[in-house]
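Take a look at the structure below.
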Amino acid sequence: IYYFRIGRQDMKDILTKIDRAAERREDLVTVSAELRKFTAFQHMKDDQILRLARFARIENFVLDEYAFHADDRSMDFYVVREGRIEIRKDTPFGPQILGSLTRDHIFGEMNFIDRTLRSSDAVAVEESACYTFSFSALDQMMDEEKEMAVRLHWAFWRSLSEKVRDANEQLKLFFLEDAKKGAG
Numbered sequence: 002i003y004y005f006r007i008g009r010q011d012m013k014d015i016l017t018k019i020d021r022a023a024e025r026r027e028d029l030v031t032v033s034a035e036l037r038k039f040t041a042f043q044h045m046k047d048d049q050i051l052r053l054a055r056f057a058r059i060e061n062f063v064l065d066e067y068a069f070h071a072d073d074r075s076m077d078f079y080v081v082r083e084g085r086i087e088i089r090k091d092t093p094f095g096p097q098i099l100g101s102l103t104r105d106h107i108f109g110e111m112n113f114i115d116r117t118l119r120s121s122d123a124v125a126v127e128e129s130a131c132y133t134f135s136f137s138a139l140d141q142m143m144d145e146e147k148e149m150a151v152r153l154h155w156a157f158w159r160s161l162s163e164k165v166r167d168a169n170e171q172l173k174l175f176f177l178e179d180a181k182k183g184a185g
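Start counting the sequence shown at 2; every next residue gets the next number (this note's numbering).
Next comes the structure, spelled out in structure tokens:
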């Protein structure tokens with residue numbers, strides 16, 4: 002039997018590490034539970050949500066703060082936790098709002114997929130919080146876990162298809178208004 006003495010400071014350091022590990026586990030469980038509630042991730046298995054939660058961090062944005070700018074090289078994607086984020090594009094006709102995203106909406110996913118520069122701005126139009134997912138960490142995990150990659154791409158596909166439908170509706174309204182002006 003070996004006996005050794007642990008000093009007070011050593012014991013304090015050990016207990017601090019145990020507390021931090023417990024906090025991280027609790028945070029992971031809390032984040033997993035929140036992600037599970039998002040329709041964007043409803044198709045994922047619980048163990049996949051838990052793994053995804055390891056890559057999530059909450060980022061808070063104040064009014065008029067940008068999550069990213071057009072031409073940024075970032076490839077992270079986001080899910081709105083609370084608040085509202087607008088996707089905007091500067092055009093020859095002035096700034097255009099491409100989308101107004103609230104809780105449970107994914108954005109930034111196109112750059113995650115195609116690995117190009119951002120094509121628009123993402124700006125908070127009210128105080129907001131988003132889950133941010135690191136491209137580099139998730140990309141490596143997706144290379145190793147093909148089923149997870151398919152499920153994450155499914156979430157991106159659903160998000161992008163909703164955005165295409167919304168854009169089509171906006172175009173219909175635009176051309177309808179234009180036709181009314183031409184008829185008058």
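The C-beta atom is built at its ideal place from N, Cα and C for all residues, glycine as well.
From a predicted model like this one, the values you see are computed outputs, not experimental measurements.
Exercise for the section: Might you give, ordered along the chain, the residues of its own chain that have their beta carbon closer than 6 Å to the beta carbon of Ser-33, omitting 5 neighbours on each side? Expected result: Non-local C-beta neighbours of Ser-33 in its own chain, meaning closer than 6 Å and more than five positions away in sequence, comprise Ile-50, Leu-51, Ala-54, ordered along the chain.
Problem - Arg-89 - DSSP class collapsed to helix/strand/coil - result: When DSSP states are grouped into helix, strand and coil, Arg-89 belongs to the strand group.
Handout entry: As assigned by DSSP and simplified to three states, the class of Leu-29
Key = Three-state result, Leu-29: helix.
Problem - CA-to-CA distance, Phe-136 to Phe-56, given in whole angstroms - result: Near 9 Å, if we compare the C-alpha coordinates of Phe-136 and Phe-56.
Problem - heavy atom of the ligand GDP below 8 Å from Arg-58 C-beta - result: Absent from the structure shown: the ligand GDP. Ligands present: none.
Handout entry: Limits of the beta strand (DSSP E) - the one that Asp-65 falls within
Key = Counting along the chain, Asp-65 falls outside any beta strand (DSSP E), and DSSP gives it neither H nor E.
Handout entry: Minimum C-alpha distance to Leu-99 - residue among Glu-163, Lys-181, Lys-182
Key = Minimum Cα distance to Leu-99 is reached at Glu-163.
Exercise for the section: Determine contact between the stretch 62–70 and the stretch 31–47, defined as no fewer than three beta-carbon pairs at a distance below 8 Å. Expected result: Of all C-beta pairs linking the stretch 62–70 to the stretch 31–47, fewer than three are shorter than 8 Å, placing the two stretches out of contact.
Handout entry: Cα-Cα separation between Val-165 and Val-126, rounded to whole angstroms
Key = Pairing Val-165 with Val-126, the inter-Cα distance amounts to about 22 Å.
Practice task
Evaluate Arg-186 with the Cβ neighbour count: other Cβ atoms within 10 Å of its Cβ, from every protein chain shown; 16 or more gives buried, anything less gives exposed.
Solution key: The structure shown has nothing for residue 186, since the chain only spans 2 to 185.
Practice task
Give the DSSP-derived three-state secondary structure of Gln-43 in the structure shown.
Solution key: Three-state DSSP puts Gln-43 in coil, outside helix and strand.
Problem - Rounded separation between Phe-39 and Val-81 - CA only - result: Near 10 Å, if we compare the C-alpha coordinates of Val-81 and Phe-39.
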